[in-house]
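**Q** I have a structure here, written as structure tokens, and I will follow up with some questions on it.
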Amino acid sequence: MKISGSFRTLAGAQIFASLRSVVSTARKHGCNILQILTATPAQIVQAFAA
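Residue numbering for the sequence shown is 995 to 1044, as defined by the numbering used here.
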């Protein structure tokens, strides 16, 4: 959770950055973001490779 423009913990910041990266890549590949966020890692790799 963001507090006044920063994160409470380093772990929270890392999770946010990971999710932001996946969403950004999904958009660039024209993938459905909800499907990507609910997919397994193997399915994500397959979707991005296509």
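Idealized CB from N, CA, C, for every residue including glycine. It should be emphasised that the depicted structure is a prediction, and the values quoted were computed from it without experimental measurement.
Would you report the Cα separation of Gln1037 and Phe1010, rounded to the nearest angstrom?
**A** 21 Å
**Q** If you count every other CB in all the chains shown that lies within 10 Å of the CB of Ala1020, and 16 or more means buried, which is it?
**A** buried
**Q** Report yes if the CB atom of Ala1041 is closer than 8 Å to the CB atom of Ile1027, and no otherwise.
**A** no
**Q** Quick one: what does DSSP say Ser998 is sitting in, helix, strand or coil?
**A** coil
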